[in-house]
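Engineer: Here the numbering used here is used: the first residue of the sequence shown is 1017, the next is one more, and so on.
Cβ atoms here follow ideal geometry from the backbone N, Cα and C, with glycine treated the same way.
After the structure tokens below, expect a handful of questions from me.
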Amino acid sequence: MNSSLVTLILIFTALSAVHLIYMLVSRLQKDKDYTGIGFRIKTWWGMVFIFCLATLFNPVVSLLSLMVLAFFALKEYFSMIRTRKADRRLFLWAYLSIPLQFYWIYIEWYGMFIVFIPVYVFLLLPLPRLINKGTLGFLRSVSATQWGLMLMVFGLSHLAYFQFATPEYGAGLVLFLVVLTQLNDAVHYLASIYFGKRKVVPTANPNLTWEGFACAFAVTAGVSYLIYPYLTPLTPVFGFFSGVLISLAGFFGSLTVSVLKRDLLIGDDDKFAALQKSYLSRVDSLAYTSPVFFHVIRYFFDFM
1017 MNSSLVTLIL IFTALSAVHL IYMLVSRLQK DKDYTGIGFR IKTWWGMVFI FCLATLFNPV
1077 VSLLSLMVLA FFALKEYFSM IRTRKADRRL FLWAYLSIPL QFYWIYIEWY GMFIVFIPVY
1137 VFLLLPLPRL INKGTLGFLR SVSATQWGLM LMVFGLSHLA YFQFATPEYG AGLVLFLVVL
1197 TQLNDAVHYL ASIYFGKRKV VPTANPNLTW EGFACAFAVT AGVSYLIYPY LTPLTPVFGF
1257 FSGVLISLAG FFGSLTVSVL KRDLLIGDDD KFAALQKSYL SRVDSLAYTS PVFFHVIRYF
1317 FDFM
């Protein structure tokens, strides 16, 4: 507990310093757009708050907080889809799957946790859409709903499972994952602002550049190697490899969700701009890094 408290105090101090620097720089350099960093900092504060609850009180509090986060992320995802009246029951079923997914975590039923959404929900989700609802738009509505469940519920739910899979190291691993994921996003964003030239997908997200990716990759891998002894029981090789893995997964997460949003919101630029400030934009990378990091660690280490 003392070690966790010291870690929390250090993170709180560092985050306060980062927030202060952001406020000063954003006021001094008004010609540059730092809003993306501001949204990330808010996410960091939220994640640190959840981590505090889990460390100082009970992992169940963290589980409930992450369940609420998954709900709002899925809700905002559904707000992008052009829906019909026939899709309402489909969305209701999707929302009902959230408490079930997190219940499997609570009772530590790993087998059901890992197959519930990819297998059972995938097979049963079309039923409410089939019954007396016709065939018009069937494939688009069902597949779009399943995509949302996989990213916003299945992906993010792995954050909650760490502390049940390994009570001793779970909180540290979650903090390690969140810090590196958000750091990777922030460095990518800043590097793209200052010297990014070659955009990865200019039509979907102008803030994703190859120069930003290279900088984020190097910084995330380096910081991972520096902080892994304090937050994880990983070996030096995996301390470095985790940073590489998280950087790559976070990049593909941001890229995928950016393209997905642009595809769903073609012709609605105002709504697309509004969603840049949403929960969805803050957890897009975590939806990829959480399951990738979780399963790699579980495969190679016995403590999971």
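Would you give the residue range spanned by the beta strand (DSSP E) that T1225 belongs to?
Structural biologist: Residues 1221 to 1225.
Engineer: Do F1192 and Q1162 count as a contact pair if the criterion is CB distance below 8 Å?
Structural biologist: no
Engineer: Along the chain, where does the beta strand (DSSP E) containing V1217 start, and where does it finish?
Structural biologist: 1215 to 1217
Engineer: I'd like the span of the alpha helix (DSSP H) that includes R1156, first residue to last.
Structural biologist: It spans 1154 to 1164 - the alpha helix (DSSP H) in which R1156 sits, taken as one unbroken run.
Engineer: Can you grab the Cα-Cα spacing for the pair L1250 / A1160, in whole Å?
Structural biologist: Between L1250 and A1160, the C-alpha separation is close to 37 Å.
Engineer: Three Cβ pairs or more, each shorter than 8 Å: is that satisfied between the stretch 1196 to 1214 and the stretch 1107 to 1123?
Structural biologist: Because the criterion of three Cβ pairs below 8 Å is not met, the stretch 1196 to 1214 and the stretch 1107 to 1123 do not touch.
Engineer: Given a threshold of 16 other Cβ atoms within 10 Å of its Cβ, counted over all protein chains shown, does A1033 qualify as buried or as exposed?
Structural biologist: Of the residues assessed, A1033 falls on the exposed side of the cut-off, its CB having fewer than 16 other CB atoms within 10 angstroms.
Engineer: Assign Y1315 to buried or exposed, taking buried as 16 or more other Cβ atoms, counted over all protein chains shown, within 10 Å of its Cβ.
Structural biologist: exposed
Engineer: Check whether the Cβ atoms of L1026 and W1061 lie closer than 8 Å to each other.
Structural biologist: no
Engineer: Q1045 lies in the alpha helix (DSSP H); which residues open and close that run?
Structural biologist: Looking at the DSSP string, Q1045 is not in any alpha helix (DSSP H), and its letter there is neither H nor E.
Engineer: Let's test the definition: count the other Cβ atoms within 10 Å of the Cβ of V1084 and tell me whether it reaches 16, buried, or not, exposed.
Structural biologist: With a 10 Å radius around the Cβ and a threshold of 16 neighbouring Cβ atoms, V1084 comes out exposed.
Engineer: Since L1271 and V1312 are thought to touch, with beta carbons under 8 Å apart, how far apart are those beta carbons, to the nearest angstrom?
Structural biologist: The pair is not a contact, with the Cβ atoms about 20 Å apart (cut-off 8 Å).
Engineer: I'd like the list of long-range same chain contacts for A1207, defined as Cβ closer than 7 Å, with 5 residues on each side in sequence excluded.
Structural biologist: E1227, G1228, C1231, A1232
Engineer: According to DSSP, is P1249 part of a helix, a strand, or is it coil?
Structural biologist: Taken through DSSP and simplified to helix, strand or coil, P1249 comes out as coil.
Engineer: Secondary structure at I1147, three-state DSSP: helix, strand or coil?
Structural biologist: coil
Engineer: Output the distance between the C-alpha atoms of S1095 and V1275, rounded to the nearest integer angstrom.
Structural biologist: 16 Å
Engineer: From T1029 to L1146, what distance separates their C-alpha atoms?
Structural biologist: 54 Å
Engineer: Any idea what DSSP makes of D1300, helix, strand or coil?
Structural biologist: In the structure shown, D1300 sits in coil (DSSP, three-state: anything other than H, G, I, E or B).
Engineer: Would you call the CB atoms of L1172 and A1110 closer than 8 Å?
Structural biologist: no
Engineer: Could you give the DSSP three-state label for E1092: helix, strand or coil?
Structural biologist: helix
Engineer: Under DSSP, the alpha helix (DSSP H) around G1188 begins and ends at which residues?
Structural biologist: 1186 to 1211
Engineer: T1099 by DSSP, collapsed to three states: which one?
Structural biologist: Assignment of T1099 by DSSP, reduced to helix, strand and coil, places it in the coil class.
Engineer: Does the separation of the CB atoms of M970 and P1144 fall below 8 Å?
Structural biologist: Nothing can be reported for residue 970, as the shown portion of the chain is limited to 1017 through 1320.
Engineer: Which word fits P1142, buried or exposed, when buried means at least 16 other C-beta atoms lie within 10 angstroms of its C-beta?
Structural biologist: buried
Engineer: Compute the Euclidean distance between the alpha carbons of F1257 and F1132, then round it to the nearest angstrom.
Structural biologist: 29 Å
Engineer: Please state whether the Cβ-Cβ distance between T1197 and T1305 is less than 8 Å.
Structural biologist: yes
Engineer: Under 7 Å Cβ to Cβ from S1263, same chain only, skipping five residues before and after it: list those, please.
Structural biologist: Counting only residues of its own chain and dropping the five nearest sequence neighbours on each side, S1263 has a CB closer than 7 Å to the CB of N1200, A1232, F1233, T1236, A1237.
Engineer: Taking the alpha helix (DSSP H) that L1172 belongs to, which residues open and close that run?
Structural biologist: 1172 to 1181
Engineer: Check the C-beta distance from F1310 over to Y1177 and give it rounded, since I have them as a contact under 8 Å.
Structural biologist: 7 Å
Engineer: By alpha-carbon positions, which one of G1127, R1098, Y1244, L1242 ends up nearest to S1157?
Structural biologist: R1098
Engineer: How close, in whole Å, do the beta carbons of G1188 and L1247 come, if the pair is a contact with beta carbons under 8 Å?
Structural biologist: 4 Å
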